[in-house]
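Plus 52 on top of the position in the sequence shown (first one is 1) and you've got our numbering. Working notes, beginning with the structure itself.
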Amino acid sequence: MYGKYYHEQFKAIKYVGAFFWAIKGYSITADSFQQDHVYPLLWQILSILAWLVWLFLLWAIYKELKKAFGKN
Numbered sequence: 053m054y055g056k057y058y059h060e061q062f063k064a065i066k067y068v069g070a071f072f073w074a075i076k077g078y079s080i081t082a083d084s085f086q087q088d089h090v091y092p093l094l095w096q097i098l099s100i101l102a103w104l105v106w107l108f109l110l111w112a113i114y115k116e117l118k119k120a121f122g123k124n
């Protein structure tokens, strides 16, 4: 029982790490694109994709934590 609990928590922690890694990558990309002002359409597309990735990661974190605490 405890093995499953800790395994699910670890999976949630992996998603949290991926979430913060995505934020870091987004901020680096945002800085470089905002300084150049060369590709506004590409910048908008990357922004939308980043938001979708963040929403997916938040959903995955919620799902794994829900499993970890046994509220299926």
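For every residue, glycine included, the Cβ atom is placed at its ideal position computed from N, Cα and C. Just so it is clear, the structure is predicted and the values come from calculations on it, not from any experiment.
Item checked: Euclidean distance between Cα positions of Lys119 and Lys66 -> Locating residue 119 in the sequence shown gives position 67, counting from the first residue. Locating residue 66 in the sequence shown gives position 14, counting from the first residue. Roughly 14 Å between the two C-alpha positions.
Next item on the list: Leaving aside the five residues before and after Ala112 along the sequence, list all residues of the same chain whose C-beta is less than 7 Å from its C-beta, in chain order.
Entry: Counting from 1 along the sequence shown, the entry for residue 112 is found at position 60. Excluding positions up to five away in sequence, the list reads Tyr67.
Next item on the list: Measure from the alpha carbon of Trp73 to the alpha carbon of each residue in Ser99, Val105, Trp95 and Gln96, then state which is nearest.
Entry: As a first step, residue 73 must be located in the sequence shown, where it is residue number 21. When only C-alpha atoms are compared, the closest one is Val105.
Notebook entry, point to check: Distance, Cα to Cα, Leu94 vs Phe71?
Noted result: The sequence position of residue 94 within the sequence shown is 42, counting from 1. The sequence position of residue 71 within the sequence shown is 19, counting from 1. Approximately 22 Å, taken between the alpha carbons.
Note to self: Please report the straight-line C-alpha distance between Leu109 and Gln96, rounded to a whole angstrom.
What the structure shows: Taking the sequence shown and counting its residues from 1, the one referred to as residue 109 is at position 57. Taking the sequence shown and counting its residues from 1, the one referred to as residue 96 is at position 44. Going by the C-alpha atoms only, they are around 20 Å apart.
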